[in-house]
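Asker: Pasting a structure here, questions to come.
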Amino acid sequence: MIVNPTQTGYEIITHYAHGLQAAQIGQHIIQDYRPKYWMETLCAMIEHDDKQLNFEHNNNVAKDGRPLDFTLVENSPEEILERCKRVVLSSRHRSGWVTLMIAQHLEFLYKQQIQNHSATNQFFSEVHELKKKIRKVYAINETQSKEYYELLRFCDRCSLILSMQQIPTEGREIEINQSINGCKYYLSDPGKGINVSPWIFDKDEFEVSTEVYKVEQIKFSDSKDLQQHLLDLSPVIKTWNFRKS
């Protein structure tokens, strides 16, 4: 989950909501970059963090009771491996294409991070073979697969910048990443709406939103306590307007 401190507590966005927001951004990418299996690609954007950073398998509360932002959650190689297995298995029940996109995302996140862990190396070797089988089913090559994954990576990063409140002030730019079509993308807010340069969307203006939980309780006994508190709250809708400058 994404935790932003406020004067009275926290603003919390779940990773499920973050994935949905990533797909909201993705649905506006111009036709030129969309693969044949576009709906499946959007599904991968929605699901890319599902079964990873959730209350069932993670400790989301610090020792002092504060909600933990996902960047502060520590996991062992064994825990990361189990997380990856959950994600891949879940995606395979949806479609091979979704699995292909999400498998590449897991490699991007974790393969180098835990490369000296033998069980993890074995897992990613199996994922490598699985990807080859899926590419054969969908009649695409490895280069195309990587190009389509860049769509997910772009939207994921773009959504995180919004949700983590990383938009610079005074119209300054923040780098999103180098991704779609090999381009480097930047995000800024000149004052009339969020601009992405180069502009890669099919409309000159559109809106995305996400549910935000405004939490005023400062400390929690454990993750279950925090989860129940969020379930008892009504979220508010936070919106961002994208506008071509």
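Residue numbering for the sequence shown is 1 to 245, as defined by the UniProt record's numbering. Virtual Cβ for every residue (Gly too), placed ideally from N, Cα, C.
According to DSSP, what are the bridge partners of Glu78?
Answerer: According to DSSP, which records beta bridges pairwise, Glu78 is partnered with nothing at all.
Asker: Measuring straight from C-alpha to C-alpha, what distance separates Phe154 and Asn241?
Answerer: In a straight line, the C-alpha of Phe154 is about 18 Å away from that of Asn241.
Asker: Is the segment 205-214 in contact with the segment 2-15, if contact means three or more CB pairs nearer than 8 Å?
Answerer: Yes, the segment 205-214 is in contact with the segment 2-15.
Asker: Whole-angstrom Cβ separation of Met45 and Ala17, contact assumed at under 8 Å?
Answerer: Wrong, their Cβ atoms sit about 13 Å apart, outside the cutoff.
Asker: Taking its Cβ as the centre, do 16 or more other Cβ atoms sit within 10 Å of Gln113, making it buried, or is it exposed?
Answerer: By the 10 Å Cβ count, Gln113 comes out exposed.
Asker: Give a yes or no on contact between the segment 60-67 and the segment 29-40, applying the rule of three or more CB pairs nearer than 8 Å.
Answerer: Counting Cβ pairs under 8 Å, fewer than three are found: no touch.
Asker: According to the neighbour-count rule (16 or more other Cβ atoms, all chains shown, within 10 Å of its Cβ), is Ile25 buried or exposed?
Answerer: With 16 or more other Cβ atoms within 10 Å, it is buried.
Asker: Go ahead and label Ala103 buried or exposed: buried means 16 or more other beta carbons lie within 10 angstroms of its beta carbon, across all protein chains shown.
Answerer: So Ala103 counts as buried.
Asker: Are Ile237 and Ser209 closer than 8 Å when you measure CB to CB?
Answerer: It is a contact, given that the beta carbons lie within the stated cut-off.
Asker: In terms of residues, what are the limits of the beta strand (DSSP E) holding Phe124?
Answerer: Element bounds for Phe124: not the beta strand (DSSP E) but the alpha helix (DSSP H), Ser118 to Tyr138.
Asker: Are Glu40 and Gly19 close, meaning C-beta to C-beta below 8 Å?
Answerer: Taking 8 Å as the Cβ cut-off, Glu40 and Gly19 do not qualify as a contacting pair.
Asker: Could you tell me how far apart the beta carbons of His105 and Leu152 are, in whole angstroms, since I believe they sit closer than 8 Å?
Answerer: Rounded, the Cβ-Cβ distance is 6 Å, consistent with contact.
Asker: Could you name the residues that DSSP lists as bridge partners for Trp240?
Answerer: Bridge partners of Trp240: Val208.
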